[in-house]
Amino acid sequence: MAGLIFLSAIVFLPALGALILLFFPASAETAIRRITLGITLVVFLMTLRLVFPGDGPAGETLLERSIHDVRFVAGEPGYQHALAVPWIRSFNIEYFLGIDGISLPLVLLTSFLSLLAAAASWSVTKHVKAYSVLFLLLETGMLGVFLALDFFLFYVFWEVMLLPMYFLIGIWGGPRKEYAAIKFFLFTLVGSVLMLIALLMLYFASDVRKLPEEARRQSLLSSEVMVKSLAPGDKPLHTFNLVALAKLGQMPDSPFNEPAWLGKSIAWWAFLLLLVGFLIKVPSVPVHTWLPDAHVEAPTPISMILAGILLKMGGYGIIRICYPICPQGAYELAWFVCGLGVVSMVYGALAAMAQQDFKRLVAYSSVSHMGYVVLGLGAWSLVPGVWDTQYWKMGMNGAMFQMIAHGISSAGMFFMVGVLYDRVHHRDLDKFGGIFGKMPAYTALAIVIFFAALGLPGLCGFIGEVLVIFAAFSYSRVLAIIGASVVILTAGYILWTVRRVYLGAEYRGPHAEALTPLTLREFTVGATLAVAAVVFGVFPQTVFHYMAPSVNRTVDEMAQWMKAVSVNVVESAAEETPEKVRHESTVVLDNLSSEVLEAGSQR
Amino acid sequence: MEAILPQLLLAAWLLPLLSFVVILLAGARMGEGGRGAGYLATLAVGVSCVLSIIALVWWLGHHPLGGHGGHSEVLTGDWYTLAQFESLRFSVGYYVDSLTLGMFVMVTFIAFWIHVYSFGYMHEELHDVHDPFVTGADGRNLVRPGRFHRFYQYLSLFCFSMLGLVVANNLFMVFAFWELVGICSYFLIGFYVERPSATLASNKAFIVNRVGDFGMIIGLATFLFACGTLHYAMPGNASEHHPGLFSIVKDATNQLQDKNNAASSHEGTPTNVGHEKAGGSSGLETANKIERNRALTPVLLTLAGLALFCGCIGKSAQFPLHVWLPDAMEGPTPVSALIHAATMVAAGVYLVARIYPLLTADALLVVALVGTITLFLAATMAVVATDIKRVLAYSTISQLGYMMLGLGVGGWVAGLFHLFTHAFFKALLFLGSGSVIHACGTNEMPAMGGLWRKMPWTAATMLVGCLAISGAGIPLVIGLSGYYSKDAILAQTFLFHRMNPLFGWMFYVALGVAGVTAFYMFRLWFLVFWGKPRDEHVAHHAHESPRTMVAALVVLAVLSVVSGWTVPGTSWGITSLLEQSRVTPATETGTLQSAVALRIPDEHASHEHTIHAWVSGLAFLAALIGFGIAAVFYGIRWLDPEDVRQRFRGVWELLAQRWYIDQIYDAVFVRNALRLAAVAAWIDRNIIDWLADHAALSVRRLSQWDDWIDRIFVDGAVNALAAGIYDMGIRLRRWQAGKIRVYIMWIVIGIVALFIIGTIYLGIGANISRG
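Chains as they are written, first to last, in my numbering: chain A, 1 to 603; chain B, 1001 to 1771.
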């Protein structure tokens, strides 16, 4: 219970802060800014408390431990501090928070970047109070998304985050802010609608009673639902519990295998809908065009949040929801996911190269870098008969690491652009130059950040990119080779940008006199990000240590599903007539390669 | 006892990093103008050098020289794990054999002297610098603060990266440091960030290198996929479970050979190692191997090896990725000496030597071919260049081509031997040219001439360098370092020529270019130091360089002479050191099926006296002819080079334009990439955004229609109803005339009507009920 309360406190503290800020006079700008910064700092420290070193009381179950100790146990693949309490009883909606190795780094990233973004928010001078309130609400939404384990709750947080963002872009943005804000809103809303459809599809197909009792217990259902599920009854007991849904989805005879439409199963359709919904957020080509506009118009701190955290929700959704719940759809659509990833990588890099606007360039680099995430998540490299999961694990871990790395580097890049914009009020790449001479400390930090994005070894971008490419190679050589070629394009646009902006003899744009050295506050934000880039690049284990067990668990679960399905197919093929087999598992059978059957018959 | 060696190397490796970090943080505050940074960096690399020498001595004490290669002693282990996924491990570790230690000593030694030299060369950076190459908008030359400490900071980072590359025990680590040396090179080429040409050159260098690295990533991915590891060899005897790359490839090759032997009795060639053996029942061990080697076909092995070689092509500036190195001369000259002559560019050669067991005969042939093409092209470019540093840059490319050729034709020791000797004499030549540039303030040789009077030390040491690179010596008796190493390569190529007549031309090209080398080097020397000063202004300014610079020149000159020799009375020398870790290519026996019937000759065969005598004589002759022609044109000026230039204008132009390769790349790759980028941006704005905007717009239209429908039909219907009722009301109003008589009349009519209706209705009703 202490764990649940602690997690709830993390999620709702910013919202509480927003509420308190409402009582402040709008003229007390400095106080409001400081309180906002203070709240984000407290949230950050609280999330840091989760990874506080030292062992908690040992020899107990995770649930019992969570009562005494809010620390996160590293190396533990399962959910921690996970507890569900009933929320809306008639639909079995639970208030269910929990944290595991996949969400922990993202939660830390969120609180960390929120803190830095709050520190970077001094440049916002319009309606400071409203800005701060929305900013804090946004943080609650983001943390909630990463911590919710109930699909409905997840959806609610997802929407909670959407509205503040809309206003933050639409009110505090640049000249085309209305267009950008509505574009952002509509794209994301389309994604939400698709997600909502999938959510309802899965909900109405789910039935907790179909789960074996052991799995039900592992799903951490709230005691009320648990009792309901034990009571006799024929009416299916629907659930939004993500863990239970995953367990259901991974059953060989999953209720989601029912055909839904056009000969495809519920799992297939749900996967596709969810995938598209999340890909809009990632964003992947061709649903990425909201991103450059939103970034260009958004104020600097909001760009940092947008690139650093919001994009990660797409990736998080894919690994937390799409894959575990609909493995069948994931397996069948793996080529689609990977293809989109590679296209995004190449296309984003090319588009970045053609930009004139500094911020647009950085935005497109995000498209390219998030393509790695999609590719790494999608590369279903498991070969039936060999069952070698290590490449797949490498790819998934690489993709997750890339999310963290990109969170650091893209937030950093937007911050760096913002620093310049605050001084000279333009972003035309051809009108910079010579910044190195005028702002040496700033340039040094910027170069570290940009090179982190370039994927330089020793900085955070390298590990994720390389692992993803390696893993993709064992899935599809062609895709891996195309993907690897992006390193050339990336070097091209980043170095070209560095040369145009930072190097050279003279500044070629307006307001040369405004190019003053960094303030202490700016330096702190920039240096923190640069140090983080180095730390994650040199000690990637700091992330993998927490992340890998949970990611590996996800992979293992899917590998098990695949084994179970193929063994089922093979066994029933041995026992029953072929027609009946085909009838029973149409979808599954058609898509498993003949190798499985060979392997099975040899067995 | 063995534990001390990795620690020594670790210390030697990390000291420059420490220096980098300190300078990064303390920067300009270290002494006047940042001079302290120079001392610190020099100290760090000096201590590194001492530690490396101690390590080498320790090693030689335990592994005495003189044995034959093939079963080399190796000490390997991991220091630190970056990430691990089941058995896929990415780590930082050491792989120590005599080659590693030799490289450590060579790199730190040259780096130390270049650090020393730079005190003199970079002294301008101690205070504000007046950059004559950059003119501001106001027409005046730029004046900027000095960056002495930055220079040493980058040098330290470079030393750290280079040593990391050398000590690496796995390809992942090699790749990481490969990129890091690339970025150091980027910083140092672009050291004069204010000069557009410098920043352009640094971008070009990094991006061209990335093209090679792209191939390298594919190579890494292939090996990781096929072998499940990127470690050369696994430490200790835990190798049963997870063997390193070398043993996996060896196993696969052996299996394949077995199968080939079997297949010669059967028909057809197997395509997949693992698959064929799947039916076998040799137990778990075989099954493990099969799984690992599931994809390691000869073709894949060749391709993977070549993919790795792509990285070497980029880093070692081999054709077709050689274009970056001449431009890299924009950097300060000590950098050119250290990075772009002695160490970093040789990393490609080093890596080929390291992964030698992974290269198939076909791959080695490609290595040799690339080397041959490169050494020829670069030498021709050097012939017409007038920028002193560019001549040396082309010469470097050409010499690296020799090394690749040597490795490709089976001369593992020969290629690496040339790497070492070349490092000394090319560093010397660059430092000499730096001394000249320092004195003259220009790179253009036509503006120099007759400098030997003013700078005797520089002239003399440069002459030693020229002699060394030309391979001067008394055949079969004694010679300068280049004499030994170049002859070793030529002899091995000659042997290759004998065994594979189809590729015999490589020997003649290499031999001919040996003459060209002598020609362009002495052309350089004569143009700079001989004759009369051609530019009074330059000659007037010229002076001998400060002692720090001269000291470095002398030390390197001595080494350029002696580094090919053996310690008197023993057979100890660089060759015997390398011989200790010599590896034979996995496919040396030549039984592997290759595209062309290839036989890679054994290296020891080329030591045969007759071959040696022949080749030595021919090479000497070629160099002599080259020297003679240079003397005729530029020394005694018996012939005028201008005449030749006029007569062969086309050829001259072709060479001066570097065979138009840069222009072709620009037209084919750079422009098309930019065009493609513009297309992508256009698609975004004009197709995807158009779709999105129009989707939104059409929804808006739809809602407008909806609004219209609402107003016309729904509202219309309601309004129409209302209007109808209203109309009726209006019409009805006519009847309300307000006259009582009319009302009464209507009332009466109404009552009567009701009465009639009621009667009829009730009556009928009554009738019905009644009857």
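Using N, Cα and C, we set each Cβ at its ideal position, and we do this for glycine too. Predicted, not measured: the structure shown is a model, and the values here were computed from it.
* **Per-residue DSSP class, three states only, for W1572(B)** => In the second sequence, the residue the question calls residue 1572(B) occupies position 572. Residue state for W1572(B) is assigned as coil, using DSSP reduced to three classes.
* **DSSP-derived helix/strand/coil call for V1134(B)** => For the purposes of this step, residue 1134(B) is taken as residue 134 along the second sequence, with counting starting at 1. If DSSP states are grouped into helix, strand and coil, V1134(B) belongs with the strands.
* Go through the stretch 440–512 of chain A residue by residue and report every complete run of the alpha helix (DSSP H) that reaches 4 residues or more, in order. => Runs found: 440–454, 460–475, 477–501.
* To do: With a cut-off of 8 Å on the beta carbons, I'd call A399(A) and M304(A) a contact; round off their distance for me.
  => Against the first sequence, residue 399(A) aligns to sequence position 399. Against the first sequence, residue 304(A) aligns to sequence position 304. The Cβ separation is near 22 Å, so there is no contact.
* Can you tell me whether G315(A) is buried or exposed, with buried defined as 16 or more other CB within 10 angstroms of its CB? -> Reading the first sequence from its first residue, position 315 is the one you call residue 315(A). So G315(A) counts as buried.
* To do: Have a look at R1534(B) and V1528(B) and give me their C-alpha separation to the nearest angstrom.
  => Start at 1 with the first residue of the second sequence, and residue 1534(B) comes out as number 534. Start at 1 with the first residue of the second sequence, and residue 1528(B) comes out as number 528. The C-alpha of V1528(B) is placed about 10 Å away from the C-alpha of R1534(B).
* Per DSSP, which residues does P86(A) bridge with? Please list them. => Here residue 86(A) corresponds to residue number 86 of the first sequence, with the count starting at 1. Answer is E94(A).
* Asked: Mind pulling the chain A residues with CB within less than 8 Å of L1674(B)?
  -> Taking the second sequence and counting its residues from 1, one reaches residue 1674(B) at position 674. Residues of chain A passing the Cβ test: M353, A354.
* To do: Please decide whether S1091(B) counts as near chain A, where near means a Cβ-Cβ distance under 8 Å.
  => For the purposes of this step, residue 1091(B) is taken as residue 91 along the second sequence, with counting starting at 1. Output row for S1091(B): interface = no.
* Asked: Do the stretch 1307–1319 of chain B and the stretch 1361–1371 of chain B meet, that is, are 3 or more Cβ pairs less than 8 Å apart?
  -> By the C-beta criterion, the stretch 1307–1319 of chain B is judged to be in contact with the stretch 1361–1371 of chain B, since at least 3 inter-stretch pairs fall below 8 Å.
* Test: W496(A) CB closer than 8 Å to a CB of chain B -> For the purposes of this step, residue 496(A) is identified with residue 496 of the first sequence, where counting begins at 1. Chain B contact via Cβ: present.
* Asked: With 16 as the cutoff for other CB atoms within 10 Å, does W269(A) come out buried or exposed?
  -> Position 269 of the first sequence holds residue 269(A). So W269(A) ends up on the buried side.
* Asked: Between N1076(B) and chain A, is there a C-beta pair that is closer than 8 Å?
  -> Within the second sequence, numbered from 1, the residue matching residue 1076(B) stands at position 76. The sequence shown places Thr at residue 1076(B), rather than the Asn named in the question. It does not; no Cβ of chain A falls within 8 Å.
* **Per-residue burial, Y1743(B) [other beta carbons within 10 Å of its own, 16 or more giving buried]** => Locating residue 1743(B) in the second sequence gives position 743, where the first residue counts as 1. Sixteen is the threshold: since fewer than 16 other Cβ atoms of the shown chains lie within 10 Å of the Cβ of Y1743(B), the residue is exposed.
* Within 8 Å, strictly: CB atoms of G1465(B) and L1416(B) -> The residue given as residue 1465(B) occupies position 465 in the second sequence. The residue given as residue 1416(B) occupies position 416 in the second sequence. No, Cβ-Cβ distance for G1465(B) and L1416(B) is not below 8 Å.
* Tell me the start and end of each unbroken beta strand (DSSP E) in the stretch 1209–1239 of chain B that is at least 3 residues and wholly inside, in chain order. => Correct list: empty.
* To do: Give the single residue among M1728(B), F1648(B), M1445(B), R1685(B) whose Cα lies nearest to the Cα of P292(A).
  => Along the first sequence, one-based indexing puts residue 292(A) at 292. When only C-alpha atoms are compared, the closest one is R1685(B).
* **For D428(A), the residue or residues it bridges with in DSSP** => By one-based count along the first sequence, residue 428(A) stands at place 428. Under DSSP, D428(A) shares a beta bridge with D357(A).
* To do: Output, in chain order, the set of chain B residues within a Cβ distance shorter than 7 Å of L456(A).
  => In the first sequence, counting from the first residue as 1, residue 456(A) sits at position 456. Neighbours of L456(A) in chain B, taken as residues at a C-beta separation under 7 Å, are given in chain order as E1179, I1183.
* Asked: What three-state label does DSSP hand A1347(B) in the structure shown?
  -> Here the question's residue 1347(B) lines up with position 347 in the second sequence. A1347(B): helix per DSSP, three-state reduction.
* Backbone CA spacing between L1732(B) and I1756(B) [nearest angstrom] -> Taking the first residue of the second sequence as 1, we reach residue 1732(B) at position 732. Taking the first residue of the second sequence as 1, we reach residue 1756(B) at position 756. Between the alpha carbons of L1732(B) and I1756(B) lies a distance of about 25 Å.
* **N-terminal and C-terminal residue of the alpha helix (DSSP H) that R1547(B) is part of** => Position 547 of the second sequence, counted from the first residue, corresponds to residue 1547(B). It spans 1547–1562 - the alpha helix (DSSP H) in which R1547(B) sits, taken as one unbroken run.
* To do: Give a yes or no on whether the C-beta atoms belonging to S1576(B) and M1521(B) are separated by under 8 Å.
  => The sequence position of residue 1576(B) within the second sequence is 576, counting from 1. The sequence position of residue 1521(B) within the second sequence is 521, counting from 1. Going by C-beta atoms, S1576(B) is not nearer than 8 Å to M1521(B).
* Asked: Listed from N- to C-terminal order along the chain, which residues in the stretch 266–297 of chain A have their beta-carbon within a distance smaller than 9 Å of any beta-carbon of chain B?
  -> Answer set for the stretch 266–297 of chain A: V285, P286, V287, H288, T289, W290, P292, D293.
* G1401(B) vs T1372(B) beta-carbon contact at 8 Å -> Residue numbering aside, residue 1401(B) sits at position 401 when the second sequence is read from its first letter. Residue numbering aside, residue 1372(B) sits at position 372 when the second sequence is read from its first letter. Yes, Cβ-Cβ distance for G1401(B) and T1372(B) is below 8 Å.
* **Cβ distance (whole Å) where P262(A) is taken to contact V133(A) below 8 Å** => Taking the first residue of the first sequence as 1, we reach residue 262(A) at position 262. Taking the first residue of the first sequence as 1, we reach residue 133(A) at position 133. Rather than Pro, the amino acid found at residue 262(A) in this sequence is Leu. The beta-carbon separation of L262(A) and V133(A), rounded to 46 Å, does not stay under the 8 Å limit for a contact.
* Mark P549(A) as exposed unless 16 or more other C-beta atoms lie within 10 angstroms of its C-beta, in which case mark it buried. => Start at 1 with the first residue of the first sequence, and residue 549(A) comes out as number 549. With 16 or more Cβ atoms within 10 Å of its Cβ, P549(A) is classed as buried.
* Asked: Are the C-beta of R176(A) and some C-beta of chain B separated by less than 8 Å?
  -> Taking the first sequence and counting its residues from 1, the one referred to as residue 176(A) is at position 176. Chain B contact via Cβ: absent.
* To do: Using a Cβ-Cβ cut-off of 8 Å, state whether E1536(B) counts as contacting chain A.
  => Within the second sequence, residue 1536(B) is the residue found at index 536, counting from 1. E1536(B) does not count as touching chain A.
* Asked: How close, in whole Å, do the beta carbons of M195(A) and Y155(A) come, if the pair is a contact with beta carbons under 8 Å?
  -> Taking the first residue of the first sequence as position 1, residue 195(A) is located at position 195. Taking the first residue of the first sequence as position 1, residue 155(A) is located at position 155. Yes, they are in contact, since the Cβ atoms of M195(A) and Y155(A) sit about 7 Å apart, within 8 Å.
* **Where A1680(B) meets chain A, residues with beta-carbon distance less than 7 Å** => Working through the second sequence from its first residue, we reach residue 1680(B) at position 680. Per Cβ cutoff of 7 Å: Y347, L350, A351, A354.
* What do you reckon, are the CB atoms on V1615(B) and L1490(B) nearer than 8 Å? -> The residue labelled residue 1615(B) in the question sits at position 615 within the second sequence. The residue labelled residue 1490(B) in the question sits at position 490 within the second sequence. In contact: V1615(B) and L1490(B) (Cβ atoms closer than 8 Å).
* Who are the Cβ neighbours of F1148(B) in its own chain at under 7 Å, not counting the five residues just before and after it? -> Here the question's residue 1148(B) lines up with position 148 in the second sequence. Contacts found: G1033, G1034, R1035, A1037, G1038, M1122, E1125, L1126.
* Does DSSP classify P283(A) as helix, strand or coil? -> As a first step, residue 283(A) is located in the first sequence; it is residue number 283 there, counting from the start. In the three-state reduction of the DSSP assignment, P283(A) falls in the coil class, being assigned neither a helical nor a strand state.
* Within the 8 Å Cβ cut-off, does G504(A) reach chain B? -> Numbered from 1 along the first sequence, position 504 holds the residue referred to as residue 504(A). At least one CB atom of chain B sits nearer than 8 Å to the CB of G504(A).
* **Start and end residues, beta strand (DSSP E) containing A246(A)** => In the first sequence, residue 246(A) corresponds to position 246, counting from 1. For A246(A), no beta strand (DSSP E) encloses it; the enclosing alpha helix (DSSP H) starts and ends at 242–249.
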